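Protein chains: 2
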Amino acid sequence: MKPLLRPDLTFRLNGRLWVETDDDRFMGIGRLELLTLIREQGSISKAAQQMGMSYKRAWELVASLNAQAARPLVLTQAGGKRGGGAEVTPEGEALIAEFRELQARFQEFLRAEAVRLL
Amino acid sequence: MKPLLRPDLTFRLNGRLWVETDDDRFMGIGRLELLTLIREQGSISKAAQQMGMSYKRAWELVASLNAQAARPLVLTQAGGKRGGGAEVTPEGEALIAEFRELQARFQEFLRAEAVRLL
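Chains B and A are the protein sequences, given in the same order. Add 2 to a position in the first sequence, counting from 1, and you land on the number used in the working numbering. Add 2 to a position in the second sequence, counting from 1, and you land on the number used in the working numbering.
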C-alpha cells in the first residue's frame with residue numbers, strides 16, 4: 003500500500019476487537035477498562051467517574067457483563083443505590099486477563115501488518 | 003474464555019480495521035465498499051445511493067481518499083455537479099485489492115482466536 007500513500011503523511015493501522023452475541027456486546031476495550039477500574043477502585047461509581055461515564059451507564063455495562071457470564075464477573079455489595087462497594091470476582095479477573103492477552107495478540111497483528119503495508 | 007460464558011448463548015469475536023493519519027481516516031471497510039461500488043457503477047452518486055449515503059458524504063470520502071494518496075484513486079469527469087461519471091484508477095484498484103487482502107488476513111486472525119477462546 004505504501005507506494006499509494008502520500009509520502010509526507012504518517013499512516014497508522016488501527017483497529018478494535020469485541021466479543022458479542024446476537025443481542026448484545028459482551029466484551030470490548032471499554033468494558034475492559036471499566037472492569038480494571040472497578041477492581042482498582044472497589045466501586046462502580048468511582049470507576050465510572052474516572053472514565054467520564056455516567057453511573058447509570060456503568061451499572062448497565064456491569065449488568066450486561068454479568069447477564070452473559072456463566073457466573074458473576076462483578077459482585078455489588080448492599081448499602082443503598084451508590085453506597086456499597088463492588089468487587090471483581092475470580093471469573094472477572096480471568097476475563098480481564100484473557101481479553102488483555104487477546105488485545106496484545108491483536109496489537110502484534112496490527113504491528114506486523116503495518117510493517118508490511120505502510 | 004469459554005468457561006466464563008453462558009453456555010446457552012452464542013458468542014462471536016468481531017472487529018474492525020482502518021488506516022489513519024493524525025488528522026483523518028484514510029481507509030476502512032466503509033471506504034472499501036464505496037470504492038468497490040464506484041468501480042461497479044461508474045458514478046459517485048449511484049454508489050452513494052446504493053450505500054444509503056448522501057452524495058455529499060460520498061464526495062467528501064472520495065476527496066479525503068484522493069487528498070491522502072500519492073496519485074488520485076478516483077477520477078471524476080466533468081459534466082455538472084452530479085452529471086459526470088467517476089472512475090477508479092489503477093492506484094484505486096490496487097488499494098481495493100490490498101485492503102481486501104488485509105481484511106481477509108484479519109478475518110483469519112479473528113477465526114483462529116474465536117476457535118481458541120469461544
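Where a beta carbon is used, it is the ideal one built from N, C-alpha and C, also for glycine. None of the values given here were measured: they were computed from a predicted structure.
Kindly list, in the order they appear in chain B, the residues whose Cβ is closer than 8 Å to that of N16/A.
Sequence index remark: in the second sequence, residue 16/A carries index 14 (1-based). In chain order: L19, W20, V21, E22.
Would you please verify whether the beta carbon of R107/A is less than 9 Å from any beta carbon of chain B?
If you number the second sequence from 1, residue 107/A lands on position 105. A Cβ of chain B is located within less than 9 Å of the beta carbon of R107/A.
E100/B versus Q109/A - alpha carbon distance:
In the first sequence, residue 100/B corresponds to position 98, counting from 1. In the second sequence, residue 109/A corresponds to position 107, counting from 1. Each residue's alpha carbon lies about 20 Å from the other.
Whose Cβ in chain A lies nearer than 9 Å to the Cβ of L6/B?
Counted from its first residue, the first sequence places residue 6/B at position 4. Within chain A, the residues near L6/B are A71, A72, R73, L75, E93, G94, A96, L97, E100.
Measure the CB-CB distance between G17/A and G17/B and report whether it falls below 9 Å.
Looking up residue 17/A in the second sequence gives position 15. Looking up residue 17/B in the first sequence gives position 15. Against a cut-off of 9 Å, the Cβ pair of G17/B and G17/A comes out as a contact.
Kindly indicate if chain A contains any beta-carbon less than 9 Å away from that of R12/B.
Indexing the first sequence from 1 puts residue 12/B at position 10. What sits at residue 12/B in the sequence shown is Thr, not Arg. Output row for T12/B: interface = yes.
Enumerate in chain order the residues of its own chain whose CB-to-CB distance from F28/B is below 8 Å, with the five nearest sequence positions on each side excluded.
Here residue 28/B is taken as the residue at index 26 of the first sequence, counted from 1. Only W20, V21, E22, S66, L67, Q70 meet the Cβ criterion.
Chain-ordered neighbours of E115/B on chain A, where CB pairs are closer than 9 Å:
Numbered from its first residue, the first sequence carries residue 115/B at position 113. Ordered by position in chain A, the residues that pass the 9 Å Cβ test against E115/B are L19, L104, R107, F108.
Given a cut-off of 9 Å on the beta-carbon distance, is the pair A96/B and L6/A in contact?
If you number the first sequence from 1, residue 96/B lands on position 94. If you number the second sequence from 1, residue 6/A lands on position 4. Yes; because the gap between Cβ atoms is below 9 Å, this pair is in contact.
Starting from the N-terminal side, write out each stretch of the beta strand (DSSP E) that is 3 residues or longer and does not extend beyond the region 61-90 of chain A.
76-78, 88-90
Is L11/A helix, strand or coil by DSSP?
Here the question's residue 11/A lines up with position 9 in the second sequence. The answer is coil: DSSP assigns L11/A none of H, G, I, E or B.
Going by DSSP in three states, G17/B sits in which element: helix, strand or coil?
The residue labelled residue 17/B in the question sits at position 15 within the first sequence. Of the three classes helix, strand and coil, the one that applies to G17/B here is strand, per DSSP.
Under the three-state reduction of DSSP, which class applies to M53/A: helix, strand or coil?
Within the second sequence, numbered from 1, the residue matching residue 53/A stands at position 51. M53/A falls in the helix class under three-state DSSP.
For a quick check, are the C-beta atoms of L34/B and V64/B less than 9 Å apart?
Counting from one through the first sequence, the residue named residue 34/B turns up at place 32. Counting from one through the first sequence, the residue named residue 64/B turns up at place 62. It is not a contact, given that the beta carbons lie outside the stated cut-off.
Inter-residue Cα distance where the pair is Q51/B and L15/A
Stepping through the first sequence from its first residue, residue 51/B is reached at position 49. Stepping through the second sequence from its first residue, residue 15/A is reached at position 13. If I take the Cα positions, the gap works out to 29 Å.
Got a sec? Which residues, its chain only, sit under 6 Å from A116/B by beta carbon, not counting five neighbours each side?
Here residue 116/B refers to the residue found at position 114 of the first sequence. Excluding residues within five positions, the ones whose Cβ falls inside 6 Å are L15.
Which partner residues does R27/A have in the DSSP bridge list?
Within the second sequence, residue 27/A is the residue found at index 25, counting from 1. Answer by DSSP bridge pairing, in chain order: E22/A.
Span separating the alpha-carbon of L39/A from that of D24/A:
Translated into the one-based positions of the second sequence, residue 39/A becomes position 37. Translated into the one-based positions of the second sequence, residue 24/A becomes position 22. Between L39/A and D24/A, the C-alpha separation is close to 27 Å.
If you follow the alpha helix (DSSP H) that T94/B is in, where does it begin and where does it stop?
Mapped onto the first sequence, residue 94/B falls at position 92. A small fix is needed here, since residue 94/B is Gly in this sequence, not Thr. Under the DSSP assignment, G94/B falls in the alpha helix (DSSP H) whose first and last residues are 92-119.
Just checking: is the beta-carbon of M3/A within a distance shorter than 9 Å of some beta-carbon in chain B?
For the purposes of this step, residue 3/A is taken as residue 1 along the second sequence, with counting starting at 1. At least one chain B Cβ lies under 9 Å of M3/A.
Take M3/A as the anchor and find which of Q43/B, A72/B, D10/B has the nearest alpha-carbon.
Taking the second sequence and counting its residues from 1, the one referred to as residue 3/A is at position 1. Residue A72/B is the option with its Cα nearest to M3/A.
Straight-line Cα distance separating A106/A from I31/A:
As a working mapping, residue 31/A is identified with position 29 in the second sequence. As a working mapping, residue 106/A is identified with position 104 in the second sequence. Rounded to whole angstroms, I31/A to A106/A spans 12 Å at the Cα level.
Are the C-beta atoms of L36/B and some chain A residue less than 9 Å apart?
As a first step, residue 36/B must be located in the first sequence, where it is residue number 34. L36/B does not count as touching chain A.
Which one of L77/B, F13/B, P9/B, R59/B has the shortest CA to CA distance from P92/B?
On the first sequence, position 90 is the one that residue 92/B refers to. Closest by C-alpha distance to P92/B, out of L77/B, F13/B, P9/B, R59/B, is L77/B.
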